[in-house]
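Chemist: What follows is a structure written as structure tokens; I'll ask about it next.
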Amino acid sequence: MTDYSPLLNRVPAIRHGFGNKSALLPGHLQPYRATLPEKKQVHGTRIVDVTQAAQACGEADGFYTRQPGILLSVLTADCLPVIFSRHDGSAIAAVHAGWRGLLDGVLEQLAARIAQDDSTTNWVASIGPAAGPCCYEVNEELVERFKQQLPLPASLISPHYRHLDLAAIAESKLRELGFAAVDRAGSCTICTPNTDPLQPQRFKYTSYRRNSHRREQDPTHPGITGRNQYAAIIITGE
């Protein structure tokens with residue numbers, strides 16, 4: 001079952017959705033697939049203005065448009081997908097924010113792009129399925145980097161020893177950047193089970209971390225190449 005944002009559901013003239021293993025790109029967005037910009041996500045902070053369908057964007061992790069009919073998306077498999085819309089549906093954006101992007105300021109870069117001709121107070125944001133604090137274990141050095149670089153409570157950054165809460169960090173940043181509202185759609189990509197009886201898989205989402213653990217135990221287990229899920233949004237004008 002596709003995940004949706006209650007916030008974005010209230011915005012006129014857009015469609016959106018967060019994919020999973022059953023439908024990497026939500027079915028209602030499939031008709032717009034050919035308009036997807038071409039891109040290579042590199043855990044960076046570059047934001048691209050998308051002005052035409054299937055635009056070649058090069059290396060980028062954030063995308064912004066005011067053009068109807070262009071599907072913006074990011075691919076994830078534990079990193080945070082964040083999708084955005086102006087409250088009237090006249091502009092949208094999508095960002096891929098892994099731990100590197102969060103530290104290096106990809107959300108701040110998107111806010112800076114919006115500020116060129118608007119205010120973030122006119123925008124809402126939705127954080128999609130990603131590795132949760134229940135499962136996202138990292139080394140203590142990385143936790144310390146977050147605590148040192150970000151002016152956030154230590155318990156928010158790492159609610160459990162050597163675990164990061166990426167969604168909480170992103171939500172705090174987005175509120176500080178002035179977005180009018182933020183919500184979260186979906187759940188942990190590592191441990192959320194599949195509850196659709198029509199689908200055979202054990203887990204709902206593709207997870208790089210879970211897949212890596214499986215491959216350590218069984219080198220013949222297939223990788224996730226081509227199986228990342230889309231977080232996508234489009235201005236339909238309808």
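So the sequence shown is numbered by the UniProt record's numbering: it starts at 1 and just counts up by one.
Cβ atoms here follow ideal geometry from the backbone N, Cα and C, with glycine treated the same way.
1) So, helix, strand or coil for S119, using DSSP?
2) Quick check: what's the CA-CA separation for D196 versus K204?
3) Compare the C-alpha of L75 against each of D118, H87 and N20 and name the closest.
4) Identify every residue that forms a DSSP beta bridge with P81.
5) Within this structure, are the beta carbons of R209 and I190 separated by less than 9 Å?
6) Mark L25 as exposed unless 16 or more other C-beta atoms lie within 10 angstroms of its C-beta, in which case mark it buried.
7) With C-beta atoms as the reference, is S119 less than 9 Å away from I83?
8) At the level of alpha carbons, what is the spacing between G69 and Q217?
9) Which of the three DSSP states, helix, strand or coil, is assigned to G44?
10) Go to E59, then tell me how far its beta strand (DSSP E) extends in each direction, as first and last residue.
11) Going by CA-CA distance only, name the one from T45, Y64 and A170 that's closest to A232.
12) Would you identify the three-state DSSP class for H160, choosing helix, strand or coil?
13) According to DSSP, simplified to helix, strand and coil, what is V143?
14) Give the range of the beta strand (DSSP E) segment to which A231 is assigned.
15) Measuring only the C-alpha atoms, how far is L29 from E144?
16) Could you compute how far the alpha carbon of residue 319 sits from the alpha carbon of A60?
17) From the DSSP output, in three-state form, read off L103 for me.
18) DSSP three-state call for R202: helix, strand or coil?
19) Which residue from D183, H213, A34 and R202 puts its Cα closest to that of S5?
20) Give the secondary structure of H87 by DSSP, where H, G and I count as helix, E and B as strand, and everything else as coil.
21) Give the DSSP bridge partners of residue 239, in chain order.
22) Do you know how far the Cα of Y230 is from the Cα of D3?
Modeler: Based on what the coordinates show:
1) For the purposes of this step, residue 119 is taken as residue 119 along the sequence shown, with counting starting at 1. It is coil, neither helix nor strand.
2) Your numbering for residue 196 matches position 196 in the sequence shown. Your numbering for residue 204 matches position 204 in the sequence shown. Going from the Cα of D196 to the Cα of K204 covers about 8 Å.
3) Taking the sequence shown and counting its residues from 1, one reaches residue 75 at position 75. Considering only alpha carbons, the answer is N20.
4) Here residue 81 refers to the residue found at position 81 of the sequence shown. DSSP lists H96 as partners of P81.
5) Residue 209 sits at position 209 when you count from the first residue of the sequence shown. Residue 190 sits at position 190 when you count from the first residue of the sequence shown. Cβ atoms of R209 and I190: closer than 9 Å.
6) Your numbering for residue 25 matches position 25 in the sequence shown. The residue in question, L25, is buried, as its Cβ has 16 or more Cβ neighbours within 10 Å.
7) Residue 119 sits at position 119 when you count from the first residue of the sequence shown. Residue 83 sits at position 83 when you count from the first residue of the sequence shown. For S119 and I83, no; Cβs fall outside 9 Å.
8) Residue numbering aside, residue 69 sits at position 69 when the sequence shown is read from its first letter. Residue numbering aside, residue 217 sits at position 217 when the sequence shown is read from its first letter. Rounded to whole angstroms, G69 to Q217 spans 44 Å at the Cα level.
9) If you number the sequence shown from 1, residue 44 lands on position 44. In the structure shown, the three-state DSSP call for G44 is coil.
10) Here residue 59 refers to the residue found at position 59 when the sequence shown is read from its first residue. Unbroken beta strand (DSSP E) run through E59: A56 to E59.
11) Residue mapping note: residue 232 aligns to position 232 of the sequence shown, counting from 1. The option with the nearest alpha carbon to A232 is Y64.
12) For this step, residue 160 is matched to residue 160 along the sequence shown. H160: coil per DSSP, three-state reduction.
13) For the purposes of this step, residue 143 is taken as the residue at position 143 of the sequence shown. Helix at V143.
14) For the purposes of this step, residue 231 is taken as the residue at position 231 of the sequence shown. Start and end: Q229 to I235.
15) Taking the sequence shown and counting its residues from 1, one reaches residue 29 at position 29. Taking the sequence shown and counting its residues from 1, one reaches residue 144 at position 144. Cα-Cα distance, rounded: 40 Å.
16) In the structure as shown, the chain begins at 1 and stops at 238. Residue 319 is therefore absent and cannot be evaluated.
17) As a position in the sequence shown, residue 103 is number 103, starting the count at 1. Helix, per DSSP.
18) Against the sequence shown, residue 202 aligns to sequence position 202. Coil.
19) Numbered from 1 along the sequence shown, position 5 holds the residue referred to as residue 5. Comparing C-alpha distances from S5 to each of D183, H213, A34 and R202 shows the shortest one belongs to D183.
20) Position 87 of the sequence shown holds residue 87. Looking at H87 - three-state DSSP - the assignment turns out to be coil, as it is neither helix nor strand.
21) What is shown of the chain runs 1 to 238, which leaves residue 239 out entirely.
22) Position 3 of the sequence shown, counting from 1, holds the residue named residue 3. Position 230 of the sequence shown, counting from 1, holds the residue named residue 230. So the alpha carbons of these two residues sit roughly 11 Å apart.
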